[in-house]
Structures are given as structure tokens and as C-alpha cells.
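Quick note: to get my numbering, add 450 to the position in the sequence shown (first position is 1).
Where is the CB? At the ideal position from N, CA and C, for every residue including glycine.
These figures come from a predicted structure and were not determined experimentally.
Worksheet: the structure to be examined is printed underneath.
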Amino acid sequence: MFQIAVLVAEHFLLPALFVFWLWKRQYPTLVDWLAMVGLVGGYIARLYFTGEWHWFGVYFREVWVVLWIIATGRSLFRLRGVPLWQKHTPREYLGLIFSGFFAVLFGLLAVWADYGHAYHSGEPLRLHFPLKGHGYHIIHGGDSPLINQHHRLRSPLRYSIDVVKLYPGGTRANGLAPDALSEYAIMGDTVYSPCAGVVATAEDSLPDHPPFEIDTAAARVAGNHLVLRCGESYVVLAHLQRGSLRVQPGDTVTVGQPLAQVGNSGFSAEPHLHIHACKGGGNPILEGEPQPILFEGRFLVRNDRW
């Protein structure tokens, strides 16, 4: 699968190449060394914030940081007698320009991703986390398109979060892209009400499709779902399992009440729970003013764990 090849290159091949380059390269000046340290550090910082580590194991996330520190330290000891600056050959100038440009680029991307670790607009809605136990992992969330694929979409999806569950090895599935829904750790987990309110709308009839066979119909984008009216806000819980809903429109729900189970219906590549909140609008799935969500005080972003 092309997507997996790209992810492997991004998460392993490129950082390995950069760290090896930092480790082995001879530097004509300290400026060249600083540019290379910035390039590799910027790439790894960007990958630390934006990487989709649930594919391969979330524990790899820290490995590249440690290797960058080791490679930086090792290269530093080889700089004895190297001048701060000297005249470069055309090839050396080209290498310095390359390193400096990408050091700035990757550094800015890392800053942009880190900026999204707090919300910067909208009235936050305080909710209880809708899944019980531990081992849950945020794959999309935050106030930046670099860490939240929904951020670039129209409201009310701006502050949406997507949640998967991790096996002990730190992956969300048994294998990179297994064909069986049962191989995904979160499949079938019970979803609990994150607030006290009333069920506004519910859908329970759509099939759970095989992984990566996405239902692209706009009318079924949320798949099986619940919309809860909690005070003045609407909370959407999407991609639920067919036949698992325990409530219907008009029912009153309490915090922690079992509502449904996680599935893979609608516009969903693999089992996960989608959550977003909004105010106003006719259809809370696609219309309304987006609201940041605070789960027991936490604004969850990509690579956070619960």
C-alpha cells in the first residue's frame, strides 16, 4: 500500500538518513555544523509532534529524539579546531544553503504543530472522556492542520478529535493494515455519554465496512452516530458499530451512561471514535460554531494518550 510506504519513509528512512548524515559528516565550519544540527533536529521535532506513531508503535516517538542527541554530541566532539567560518567552495556553499533552508522549514513546521497544542478561539466545552479504562491514543486533535486533519475543514469540525486504542506494543492494530475489523484494538469498545443531556439524533443502520473501504457519500459521512444536546451545545459521536446504539432520539442521558460501541461506519478508514462539539446550526454534523473540548480539563491533541 502506497500510504504505508510513505509513512515508513517519513518515520524511519528519512530520520535514519539524517541522523547518520549528522553522525558521519565532516564540517568545514561551525556554521555548517549548526545548520546540520538544526536540519536534523527540526525534522525530528516536526515528526515528534506530527508523526502517526500509532501505525508502528508509539514508543518509537522518543527513539529519534535520543538518537539525535547522541549524534549531535558525537559530532560535537569532532569539531576541535574547526573554525567558526571560512571561505567555502561552491559545493560547500550549496550544502550550507540546503541545510540552512530545511533547518528553518522544519523548525517552523514544528513550531506550527506545537502552537496547536492549545486552542486559540471558541468557547470550550467541558466533557467527560467517553471511553473507560486506559490505552487510548489521539490520532487527530489540536488547533493546527499539522496535527488535526479536521482543522482544515469547514466548521464545526475544526476541533474534532479521533481516538484509537493501543495494544501493549503501542500499535492500534495487530499488523500495519489488517483486513479484519477485530484486529483493531478499539473495535467494539463501549462508548459512554460524555455529558448529561438529550439525544437529538441517532443513526444505527449503516454497515461496518472493511478497513480502508471508505463510504464517501456525504449523507453518510458520520456513519452510525449520536448527536447529544448538552445544554446549549451539541456533541457528535461518530463511526459507531451497527446495531450497538442503546438510546434513541428524545432519550435523556446521564454522564457515564453506556450509549453504543465503536465501529467503522461512514467516512472512516479504520475503527476509531470521532468526537466534535458545536453550537447552533441546523445539522451539528456539518453546521455550527466549533467548540474546543476539554476532557476533564485537558485539550487533547495528536499523540496524547488517555
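Check for me: the beta strand (DSSP E) holding residue i runs from which residue to which?
i, result
"residue 665", "Residue 665 -> no beta strand (DSSP E), and no H or E assigned at all."
"residue 740", "739–741"
"residue 640", "640–642"
"residue 586", "586–590"
"residue 710", "708–711"
"residue 575", "575–577"
Can you check DSSP and say which residues form a bridge with residue i?
i, result
"residue 647", "703"
"residue 683", "680 and 729"
"residue 723", "613"
"residue 674", "690"
Does residue i come out as helix, strand or coil in the three-state DSSP assignment?
i, result
"residue 615", "strand"
"residue 688", "strand"
"residue 755", "strand"
"residue 744", "strand"
Nearest to residue i by CA position, among the options, is which residue?
i, options, result
"residue 577", "756, 727, 739 and 630", "727"
"residue 553", "671, 591 and 489", "489"
"residue 544", "641, 485 and 533", "485"
"residue 464", "746, 479, 518 and 482", "518"
"residue 672", "501, 607, 699 and 730", "607"
"residue 502", "731, 654, 632 and 599", "599"
"residue 491", "748, 729 and 522", "522"
"residue 651", "641, 676, 638 and 568", "676"
"residue 743", "645, 666 and 555", "645"
"residue 512", "669, 696, 497 and 703", "497"
"residue 730", "746, 695, 680 and 709", "680"
"residue 504", "745, 574 and 635", "635"
"residue 741", "684, 615, 620 and 467", "684"
"residue 747", "574, 633, 700 and 713", "574"
"residue 669", "723, 734 and 550", "734"
Round the Cβ separation of residue i and residue j to the nearest angstrom and send it over; I've been treating them as touching at under 8 angstroms.
i, j, result
"residue 661", "residue 720", "5 angstroms"
"residue 562", "residue 594", "6 angstroms"
"residue 590", "residue 752", "6 angstroms"
"residue 778", "residue 500", "Nothing about residue 778 can be read from this structure; the chain reaches only from 451 to 756."
Looking at the secondary structure, which residues open and close the alpha helix (DSSP H) in which residue i lies?
i, result
"residue 526", "510–526"
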